[in-house]
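Trainee: Sharing a structure, written as structure tokens. Questions coming.
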Amino acid sequence: MCRLFEIPVSSYDYQPVEKPDEQAIIEKLNQLHKDHFESYGRRRMTIALQNAEFNICVFRTARLMAEAGAVAKRPKKSYYYVSVQEKPNIPNLLNREFTQPDSGTHWVGGITYIRSHQGWNYLATVLDLGTREIVGYALSRTPDARLVKQALINAIQMKQPNTKKLLFHSDQGVQYCANLFKETLALHGITQSMSRRGNCHDNSVQERFFRNLKTEYLNGMNFINHSSIVTAVEK
29 MCRLFEIPVS SYDYQPVEKP DEQAIIEKLN QLHKDHFESY GRRRMTIALQ
79 NAEFNICVFR TARLMAEAGA VAKRPKKSYY YVSVQEKPNI PNLLNREFTQ
129 PDSGTHWVGG ITYIRSHQGW NYLATVLDLG TREIVGYALS RTPDARLVKQ
179 ALINAIQMKQ PNTKKLLFHS DQGVQYCANL FKETLALHGI TQSMSRRGNC
229 HDNSVQERFF RNLKTEYLNG MNFINHSSIV TAVEK
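With this note's numbering, letter number 86 in the sequence shown gets 114, and the count goes up by one each step, no holes.
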């Protein structure tokens with residue numbers, strides 16, 4: 029019978045893998061927690077630590093975050109109010125096709141609120157689905173049609189797209205149903221599209237942007253007045 033070839037254990041060049049010092053990880057974790065406005069949960073924090081060359085798993089990250097008291101901010105719950113007004117006769121032409129190959133062909137818009145010590149302020153944005161960047165915005169103390177019109181005008185002036193081939197999508201907010209905004213779209217030859225009633229996911233890309241903006245940036249700030257909000261948003 030053939031004897032099996034045995035390799036002595038001592039012939040292996042075995043070196044144990046050293047685990048990174050937990051104090052060094054916690055120091056880096058606290059730095060990342062502060063640098064990202066206390067918005068990173070355990071999964072995003074794990075990726076950030078791995079990018080910083082710490083060999084760590086998500087479970088260990090969760091434990092160390094708990095030990096360091098690094099608690100991620102949670103977005104406030106959104107409430108979607110559906111009014112009993114007459115439904116706008118504008119179809120959902122976008123149909124959740126959020127991935128577009130070209131810029132300047134599909135824009136989405138929305139409004140969010142920001143609170144200061146002097147009251148509520150409102151931010152309207154225009155997002156290009158082709159590049160996923162904000163191409164226009166406007167701030168006001170009044171959430172009216174002039175606000176969304178100004179955000180659209182700013183986007184057109186900034187990017188100068190071929191508006192005859194441009195589709196603009198939004199929710200069924202009264203600002204986007206107003207004659208002032210519709211007339212602005214018609215003047216530039218822009219096709220209007222609207223989400224279905226009560227379906228916030230029909231404009232989820234825009235809603236996601238507002239969520240990230242508040243969770244990762246604005247929610248960690250206190251604003252004295254409207255001017256301080258303008259300064260923060262423009263950064």
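For glycine and all other residues, C-beta sits at the position ideal for the given N, C-alpha and C.
List the whole-angstrom C-beta distance separating S221 from L180, where the pair is believed to meet the contact cut-off of C-beta under 8 Å.
Mentor: Actually they are not in contact, since the Cβ atoms of S221 and L180 sit about 14 Å apart, beyond 8 Å.
Trainee: Excluding sequence positions up to five away, which residues of its chain have a Cβ less than 6 Å from the Cβ of Q128?
Mentor: H134, L157, G158
Trainee: Compare the beta carbon distance of D199 and N231 with 7 Å and say whether it is the shorter of the two.
Mentor: Less than 7 Å divides the Cβ of D199 from the Cβ of N231.
Trainee: Restricting to runs no shorter than 4 residues, where is the alpha helix (DSSP H) found entirely within the segment 149 to 188?
Mentor: 173 to 187
Trainee: On the DSSP bridge assignment, give the partners of T229 in chain order.
Mentor: Note that residue 229 is His in the sequence shown here, rather than Thr. DSSP lists no partner for H229.
Trainee: Locate the beta strand (DSSP E) running through L195, then write down its first and last residues.
Mentor: 195 to 198
Trainee: Quick one: what does DSSP say M249 is sitting in, helix, strand or coil?
Mentor: coil
Trainee: Return yes when the Cβ of P189 is within less than 7 Å of the Cβ of G132, no when it is not.
Mentor: yes
Trainee: I want to know whether the segment 51 to 62 touches the segment 197 to 211 - three or more CB-CB distances under 8 Å.
Mentor: no
Trainee: Under DSSP, the alpha helix (DSSP H) around S221 begins and ends at which residues?
Mentor: Where S221 is concerned, there is no enclosing alpha helix (DSSP H), although the beta strand (DSSP E) it sits in stretches over 219 to 222.
Trainee: Are R224 and N120 closer than 7 Å when you measure CB to CB?
Mentor: yes
Trainee: So the alpha helix (DSSP H) S255 belongs to, where does it begin and stop?
Mentor: 254 to 262
Trainee: Report the start-end ranges of each alpha helix (DSSP H) in the segment 46 to 84 that is 4 residues or longer and not cut off at the edges.
Mentor: 50 to 63, 70 to 79
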